[in-house]
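Colleague:
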Amino acid sequence: RALSALQEISYLVGEPTTIALVEAARYGLDALEKRSGQPVEEFKKRSSDYYAILEEVTNVRPNTAANRHFNQELLDKIQAQELDTSTIKATLRQYQSFGGKFALTQGRVIIGDEMGLGKTLQAISAIAHRSMSGASRFLVVCPASVITNWMREVDARSELPIVKIHGEDHKVALQKWIETSGIGITTFDTLKSFEISEQEISALAVDTVIVDEAHYIKNISTGRTRTIAKWLERAPNVIFLTGTPLENRVDEFIALAKLLDSKMGNELSRVALAAGPESFRRTVAPIYLRRNTEEVLKELPELIEVVEYCTWEGVDKQKYIDAVAAGNFMAMRRAAFAAAPEMLPSKLERLLELVDESIETGQKVIVFSYFRSVIEQVMAALGERAIGPITGSVSSSQRQSIVDQFQESPTPLALVGQIQAAGTGLNIQAASVVILCEPQIKPSLEVQAIARAHRMGQVRKVQIHRLILPESVDEQMLAMLARKQSEFDD
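Going left to right, the sequence shown walks through residues 9 to 498 as this note's numbering numbers them.
#1: Taking the runs of the alpha helix (DSSP H) that are 4 residues or longer, which of them lie wholly in the segment 214–263?
#2: I think I173 touches T194, with their Cβ atoms under 8 Å apart; what is that distance to the nearest whole Å?
#3: Run through DSSP, which three-state label would T188 get?
#4: How many Å lie between R341 and Q426 at the Cα?
#5: Counting only the same chain and skipping the five closest in sequence on each side, list residues whose C-beta sits under 7 Å from that of Y317.
#6: For N300, collect the residues of the same chain with a Cβ closer than 6 Å to its Cβ; drop the 5 residues on either side in sequence, then sort them by chain order.
#7: So F345 is in the beta strand (DSSP E); what residue range does that whole segment cover?
#8: Quick one: what does DSSP say E203 is sitting in, helix, strand or coil?
#9: Could you have a look at G396 and say whether DSSP puts it in helix, strand or coil?
#10: Thinking just about the alpha-carbon of each residue, which of L444, R468 and E361 is nearest to the one in A152?
#11: Which residues in the same chain have their Cβ closer than 8 Å to the Cβ of T95, if we skip the five residues on either side of it in sequence?
#12: Given that a residue counts as buried once 16 or more other Cβ atoms are within 10 Å of its Cβ, and exposed if not, what is A343?
#13: Return yes when the Cβ of L356 is within less than 7 Å of the Cβ of A389, no when it is not.
#14: Alpha carbon to alpha carbon, how far is V470 from A487? Give it in angstroms, no decimals.
#15: Please classify T419 as buried or exposed, where buried requires at least 16 neighbouring CB atoms within 10 angstroms.
#16: Check whether the Cβ atoms of H223 and T198 sit closer than 7 Å, and answer yes or no.
#17: Within a Cβ cutoff of 7 Å, which residues of the same chain sit near F110, ignoring the five residues on either side of it in sequence?
#18: So what does DSSP say about Y378, is it helix, strand or coil?
#19: Would you tell me roughly how many angstroms separate the C-alpha atoms of A346 and K327, rounded to the nearest one?
#20: On a Cα-Cα basis, can you pick out the residue from V382, E384, A430 and V386 that is closest to S405?
#21: Suppose the cutoff is 6 Å on Cβ atoms and the five residues either side in sequence are ignored; what does the same chain contact list for N435 look like?
#22: Do A439 and K372 have their C-beta atoms closer together than 7 Å?
#23: Could you pull out every unbroken alpha helix (DSSP H) segment of at least 4 residues lying fully inside the segment 116–195, listed in chain order?
#24: Beta-carbon separation of I367 and L423 under 7 Å?
#25: Quick check: what's the CA-CA separation for S401 versus A243?
#26: To the nearest angstrom, report how far apart K200 and L264 are at their CA atoms.
#27: Closest by CA to V323, which one among L352, T252 and V148?
#28: Helix, strand or coil, according to DSSP, for S440 in the structure here?
#29: Among the residues of its own chain, which have a CB less than 7 Å from the CB of L83, if the five just before and after it don't count?
#30: Can you name the start and end residues of the alpha helix (DSSP H) that R358 belongs to?
#31: Leaving aside the five residues before and after S144 along the sequence, list all residues of the same chain whose C-beta is less than 6 Å from its C-beta, in chain order.
#32: Could you name the residues of the same chain whose beta carbon sits closer than 7 Å to that of R393, not counting the 5 residues immediately before and after it, in chain order?
#33: Which residue comes first and which comes last in the alpha helix (DSSP H) that contains V332?
#34: Under a Cβ-count criterion, where at least 16 other Cβ atoms within 10 Å of its own Cβ denotes burial, should G126 be classed as buried or exposed?
#35: Using only alpha-carbon positions, find the residue among L147, F202, T233 and R234 that is nearest to V214.
#36: Is it true that the CB of V315 sits closer than 7 Å to the CB of R491?
Given below as structure tokens:
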């Protein structure tokens, strides 16, 4: 079997694979193979579900340090709250269940957990409970770069009906949502285009509004925030989701707090300057919940891998169509970063969000791409946040000098490099976030690149973010690489 796997991988990285993937893209073949693997592989893929079940059957008590800012009365109230998960297709971790109960108990809240802790699932659990209590209409507003993730997550994790209100047919979708209820999922910009009056918003009786990446609406003077405010004012329940540590940016926190609860916002404005960090956290505890991985995931493996499904938003689709028609495999792979006129490709937008969030939390980042054109685009977009790039034309001594600057920098930065050049032979333990701009042909390229950060001397959890464009050669490559790697491991 090992020999067979080696032969398969040899085929994968050779010229025939290029031809096969071109044909797959041309005819829309689905390369995804769903098959039940060995128990260990199944555990790796669904470890969060298994750990959740283990917590449940062993009655492991939650880590109280994560809830240290709550007074006992509020803590008792949250823990006593029922959470109906009968329409949830997942087992919640205890801290996730607490987050769902927190949202139900308090009504209008900010869930600010670190990346990777499942803020989306916590929000879904809250509205799933409310749907079983009679509520029928919910609204999710998010950046365009994560709308596909939201669609997939709600579909995979719940039985709740979904309406995607985005794209060319968003007016038709909006009318469908108005007529049928369910979860309407839209973007900040699309929401602004809704032709709907304040009276009509009130008549819709939206039970809960969820705003993902809520720090996008921190400025009340922008049209985006003013539009969302109209919906927030008319919804009894609101859930803001953000991984940005808002307690470190008091002005922004107060702006969001005012959108949730004007009285709380005004009170925070009055006491913020006098209160120290701990006092401030206790004051905002009724509306703000933030946990980090060290507090709630004691068993978390050192390597966390996340597939970031982006969208075709901002992409010049014709470039991809032309590449497929021409059978140009490399052009297909690059096409996700081909910008439509005056637009930002979704992959690049998501990359910037990930870098900004990582820098906010004090984490350094490595960005890898196979293509120089993508590297140049990323460098230009990141500006002063980037260091490098490390490409094939950079000498070994220059590469090490760039790495040294990155390692020794007192402020978080993003090191940008070609995966062939920066992905081997360098120790970059200062980075704890790795972003892969596209799947690679050879599994070994990705393994070696990730090992730049995930190696002896690394003291932080390492997060891997794979940027994937749905319904493109990206998905086919991702599926094939996963299958071949699994066969090789066997």
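C-beta: ideal position from N, C-alpha, C; glycine also.
Modeller: Reading from the atomic positions:
#1: 231–241
#2: 4 Å
#3: helix
#4: 14 Å
#5: T156, N157, R160, I476 and P478
#6: E122
#7: Looking at the DSSP string, F345 is not in any beta strand (DSSP E), and its letter there is neither H nor E.
#8: coil
#9: strand
#10: E361
#11: A136, S139, M140, S166, E167 and L168
#12: buried
#13: yes
#14: 22 Å
#15: exposed
#16: no
#17: I86, V117 and L297
#18: coil
#19: 7 Å
#20: A430
#21: none
#22: yes
#23: 127–140, 155–165 and 178–188
#24: no
#25: 56 Å
#26: 19 Å
#27: L352
#28: strand
#29: N75
#30: S354 to E368
#31: S189
#32: V363, I367, L421 and A422
#33: K325 to A334
#34: buried
#35: L147
#36: no
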